[in-house]
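Just so you know, the sequences run in chain order A and B.
Sequential numbering from 1 applies to the first sequence in this note's numbering.
Sequential numbering from 1001 applies to the second sequence in this note's numbering.
The beta-carbon is built from N, C-alpha and C at its ideal position, and this holds for glycine as well.
To keep things clear, I will list the structure first and then write my remarks on it.
Protein chains: 2
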Amino acid sequence: MRTVDKLRTLVADALGELDLAAELGSLAEPMRYAVGGKLIRPVLCLATAEALGLEPEEALPAALAVELVHSFSLVHDDLPALDDDERRRGKPTVHAEFGERTAILVGDALLTEAFRLMAESDRPEPVRELSVATLRMIGGQHLDFEGGARREDVHRLKTGALFEAPVACALALAEVAQAERRPWLAFATEVGLLFQVVDDILDADGFVDERGPEGARALAEEHAARAHAFLEEVDVETSVLATIVDAVATRTV
Amino acid sequence: MRTVDKLRTLVADALGELDLAAELGSLAEPMRYAVGGKLIRPVLCLATAEALGLEPEEALPAALAVELVHSFSLVHDDLPALDDDERRRGKPTVHAEFGERTAILVGDALLTEAFRLMAESDRPEPVRELSVATLRMIGGQHLDFEGGARREDVHRLKTGALFEAPVACALALAEVAQAERRPWLAFATEVGLLFQVVDDILDADGFVDERGPEGARALAEEHAARAHAFLEEVDVETSVLATIVDAVATRTV
């Protein structure tokens, strides 16, 4: 089994060498600018694939596709008409650096490249998984802006969908029977919720506003414990996935 | 062979009944608002499919997917940061009616629904065709905004890609050998250019500015003639496709 660091390097190298459609022309530069970060979702995809007996490389297009959808969502989310954020990952957001028009097209192109990559897998199921997850994520963003929904319901869609997608895609690629997917997907849901609670702890908002710092930390621990418990339900070696849970629980950035 | 009107009714009915992801919630309403119009691209897909021996219904998901990509492109193109258009098809544009934030999410969701629909076809090739066409279209929009490119090069990408996609998807679904696809795709390219020239004639801009009304009309006739010539190269009944060429050439709206 490859370590989390090895898997992350595999993803980072592949992202760096990603072949964007030639017709995108000079849009390639802001697209590459938009991609990067912690790469948790693609690493989760590769680690799940390897736990299921695939070579991580077999799941690499799917892993990259999920990351491109994540990148697209950040570029559009940061736009003035949505969250209006000027900085991300220690640098100006895409619209702050390249203008709003370019940022809209960059997001559209990243989303489309994701489906082009996903279609490389030679079967339609991963495309369906990614499209359904993306629609859930967009639905979550919309629900969040509308207001009035429960915080957890918003996060299950807005954040959870893109944690479930990498696991769902790995399950599809490994041809795991539907009946055996439940603990895997439940594990992914818990990692997504854990990620969001830790995010709120780091930003001192969201669940911290709702439950206080201690309450939010306790909630994170519950999600981490449940993620570990679901991993124990499956009958394969999941130590790398367990490491990912711990890394998400204890991350400081 | 079904007439163009019958095919258009098939598309319009299916669009009306389109099953959007439940998680999109109240975003479904502005999404449905954004879809409609002349439906040339999906009709072209169904007519090509029928000429190739398929039932039009077999190509319906692909046809609808192409139309959703077209709708997505209009919603984002109309945004203030892009063309800043307030009216389309005799009513306010999506952002004028529902706000800019909603319009961005509506475009994202329409594009994603297109891939979800396309993945129904149970093979990855149509997904690849649609994603490549969409990337070419986005590249064309970007090229257009950048300025300096030849008008025809812009249109081959910006307009042409979404006329080639419905034909390419029908070819893929009918499993036409690559070697036999050339006249079909050349036909589609000519229909796309014809559509754009006629658009400029109706709006009295673009090619009319460049060549005058007579020159633009002569150019439209050249594209129509070439489209007909390519249809004659293929060894199947193409009378419905010929009717589509004439309808595009003589349209007044």
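Check whether residue i and residue j have beta carbons under 8 Å apart
i, j, result
"residue 132(A)", "residue 118(A)", "no"
"residue 1163(B)", "residue 1188(B)", "yes"
"residue 64(A)", "residue 1116(B)", "no"
"residue 212(A)", "residue 1142(B)", "no"
"residue 75(A)", "residue 106(A)", "yes"
"residue 192(A)", "residue 160(A)", "yes"
"residue 1168(B)", "residue 1185(B)", "yes"
"residue 171(A)", "residue 182(A)", "no"
"residue 1112(B)", "residue 1030(B)", "no"
"residue 1079(B)", "residue 1100(B)", "yes"
Whole-Å CB distance - residue i paired with residue j, under 8 Å assumed
i, j, result
"residue 34(A)", "residue 71(A)", "5 Å"
"residue 1110(B)", "residue 1068(B)", "5 Å"
"residue 66(A)", "residue 32(A)", "No, residue 66(A) and residue 32(A) are not in contact; Cβ-Cβ is about 17 Å, not under 8 Å."
"residue 1190(B)", "residue 1145(B)", "That pair is no contact at about 26 Å."
"residue 124(A)", "residue 1123(B)", "6 Å"
"residue 1082(B)", "residue 104(A)", "7 Å"
"residue 1009(B)", "residue 1240(B)", "That pair is no contact at about 14 Å."
"residue 1056(B)", "residue 1130(B)", "Incorrect: roughly 18 Å between the Cβ atoms, too far for contact."
Own chain, CB closer than 7 Å to residue i, minus 5 neighbours either side, in chain order
i, result
"residue 1251(B)", "1198"
"residue 256(A)", "A query on residue 256(A) cannot be resolved here, the shown segment of chain A reaching from 1 to 253 and no further."
"residue 86(A)", "92, 93, 96"
"residue 1258(B)", "Absent from the structure is residue 1258(B), since the part of chain B shown begins at 1001 and ends at 1253."
"residue 234(A)", "183, 184"
"residue 73(A)", "137"
"residue 37(A)", "89"
Residues that residue i bridges to, as DSSP identifies them
i, result
"residue 1156(B)", "Its beta-bridge partners do not exist; DSSP assigns none."
"residue 91(A)", "88(A)"
Proximity test, residue i beta-carbon vs the ligand FMN heavy atom, cut-off 7 Å
i, result
"residue 210(A)", "Annotation note on the ligand FMN: not contained in the displayed structure, which lists no ligands."
Cβ shell of residue i (< 8 Å), same chain only, five flanking positions each side left out
i, result
"residue 254(A)", "The shown model of chain A, from 1 to 253, leaves out residue 254(A), and the question about it has no answer."
"residue 194(A)", "220, 223, 224, 227, 245, 248, 249"
"residue 1258(B)", "Given that chain B is displayed from residue 1001 to residue 1253, the structure contains no residue 1258(B) and the question cannot be resolved."
"residue 84(A)", "78"
Beta-carbon contacts of residue i that lie in its chain and below 6 Å, excluding the five residues immediately before and after
i, result
"residue 210(A)", "none"
"residue 98(A)", "30"
"residue 232(A)", "none"
"residue 114(A)", "65, 68, 69"
Between the segment 154-173 of chain A and the segment 82-92 of chain A, do three or more beta carbon pairs fall short of 8 Å?
no
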